[in-house]
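Notes to accompany the following structure.
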Amino acid sequence: MRKIINSTYVTLDGVIDDPQIWTTPYFGEEAALYNRDLLFGSDALLSGRATYDAFAETWPAMEEQTGDFGVRMNTLPHYVVSDSLEKAEWGDSTIIKRADAAAKLAELKDRDGQNILQYGFGPVSQTLIEHGLLDELHLWIHPVLVGPRNTSALLNRDGFGASFDLAGTRTFESGVIIAVYRPAERTA
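Each residue of the sequence shown is one higher than the one before, starting from 28 at the first, in our numbering.
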């Protein structure tokens, strides 16, 4: 069975919004290799509407700059969970309605293949956790405070909660710490 892995950049104050503004000074060779391993260990991408829209706008023009990483981002099957997206035009994209998300993602996970990689943390991540479908959460903790502009910019909101067990850490020379978590076993 495949794993669903979430990879999310976060600041010390829990901000996940606009990572392109605050991650660049910390993204060196170590981070690039780690990110590459995650992507090339996967054969599908999963996102919500906001992440999908941002990636669909950015990645098609990034192939020349990022080489085979950009090609892979643009050619992997993309699964986007959205009720408002009518047509997904970026690469090989499939829209999954929210009401069907848990069942469809469980089916995807049961198929043979590599991991399914999700970038960003929001309602889709919460659905994965609530239904026991998320296998790993890779938090890229950046040594910066940016001050959230609104609560939607934060890692967690809306009273959602979950417990995790630490599965490992990796520290880069830039000061970024990747903390890998797995959902804690549920008790009756």
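Heads up, the beta-carbon is just placed ideally off N, CA and C, and yes, glycines get one too.
Given the structure is predicted, the values throughout are model-derived calculations rather than measurements.
* Asked: Between the C-alpha atoms of residue 143 and residue 176, what's the straight-line distance to the nearest angstrom?
  -> Taking the first residue of the sequence shown as position 1, residue 143 is located at position 116. Taking the first residue of the sequence shown as position 1, residue 176 is located at position 149. Roughly 31 Å separates the two Cα atoms.
* Asked: By DSSP, does residue 49 sit in helix, in strand, or in coil?
  -> Indexing the sequence shown from 1 puts residue 49 at position 22. Three-state DSSP puts residue 49 in a helix.
* Neighbour-count burial assignment, residue 147, 16 or more Cβ in a 10 Å radius -> Residue 147 sits at position 120 when you count from the first residue of the sequence shown. When all chains shown are included, residue 147 counts as buried.
* **Per DSSP, the bridge partner or partners of residue 69** => Here the question's residue 69 lines up with position 42 in the sequence shown. DSSP lists 142 as partners of residue 69.
* To do: Quick one: residues in its chain with C-beta nearer than 6 Å to the C-beta of residue 98, no 5 flanking neighbours on either side, listed in chain order?
  => As a first step, residue 98 is located in the sequence shown; it is residue number 71 there, counting from the start. Hits under 6 Å: 90.
* If we count Cβ pairs, one from each stretch, closer than 8 Å, do we get three or more for the segment 91 to 111 versus the segment 71 to 78? -> yes
* Going by beta carbon distance, what residues of the same chain come within less than 6 Å of residue 115, once the five residues before and after it are set aside? -> Stepping through the sequence shown from its first residue, residue 115 is reached at position 88. So the list reads 107 and 122, once near-sequence residues are dropped.
* On the three-state DSSP scale, how would you describe residue 181? -> Locating residue 181 in the sequence shown gives position 154, counting from the first residue. Strand at residue 181.
* Asked: On the three-state DSSP scale, how would you describe residue 112?
  -> The count along the sequence shown starts at 1 and reaches residue 112 at position 85. In the structure shown, residue 112 sits in coil (DSSP, three-state: anything other than H, G, I, E or B).
* To do: Closer than 7 Å by C-beta to residue 67: which residues in its own chain qualify, once you throw out the five before and the five after it? Chain order, please.
  => Looking up residue 67 in the sequence shown gives position 40. Excluding sequence neighbours, residue 67 sits near 99.
* To do: Per DSSP, which residues does residue 79 bridge with? Please list them.
  => Taking the sequence shown and counting its residues from 1, one reaches residue 79 at position 52. DSSP, once it has assigned bridges, lists no residue as partnering residue 79.
* Asked: Between residue 57 and the rest of its own chain, which residues show a CB-CB distance below 7 Å, the 5 nearest in sequence each way excluded?
  -> The residue you call residue 57 lines up with position 30 of the sequence shown. Correct list, in chain order: 199 and 200.
* **Straight-line Cα distance separating residue 65 from residue 124** => The count along the sequence shown starts at 1 and reaches residue 124 at position 97. The count along the sequence shown starts at 1 and reaches residue 65 at position 38. Each residue's Cα considered, the two are about 26 Å apart.
* Where do the N-terminal and C-terminal ends of the alpha helix (DSSP H) with residue 150 fall, by residue? -> As a working mapping, residue 150 is identified with position 123 in the sequence shown. Start and end: 150 to 157.
* **Segment limits, beta strand (DSSP E) that includes residue 192** => Along the sequence shown, one-based indexing puts residue 192 at 165. Counting along the chain, the beta strand (DSSP E) containing residue 192 begins and ends at 191 to 198.
* **Helix, strand or coil at residue 98 according to DSSP, with G and I counted as helix** => Here the question's residue 98 lines up with position 71 in the sequence shown. In the structure shown, residue 98 sits in a helix (DSSP, three-state: H, G or I).
* **Inter-residue spacing [alpha-carbon to alpha-carbon] between residue 161 and residue 45** => Start at 1 with the first residue of the sequence shown, and residue 161 comes out as number 134. Start at 1 with the first residue of the sequence shown, and residue 45 comes out as number 18. In a straight line, the C-alpha of residue 161 is about 23 Å away from that of residue 45.
* Counting only the same chain and skipping the five closest in sequence on each side, list residues whose C-beta sits under 7 Å from that of residue 110. => As a working note, residue 110 is residue 83 in the sequence shown. Cβ within range, chain order: 124 and 125.
* Asked: Going by Cα to Cα distance, which pick from 154, 96 and 172 is closest to residue 132?
  -> The residue you call residue 132 lines up with position 105 of the sequence shown. Cα-wise, what sits closest to residue 132 is 154.
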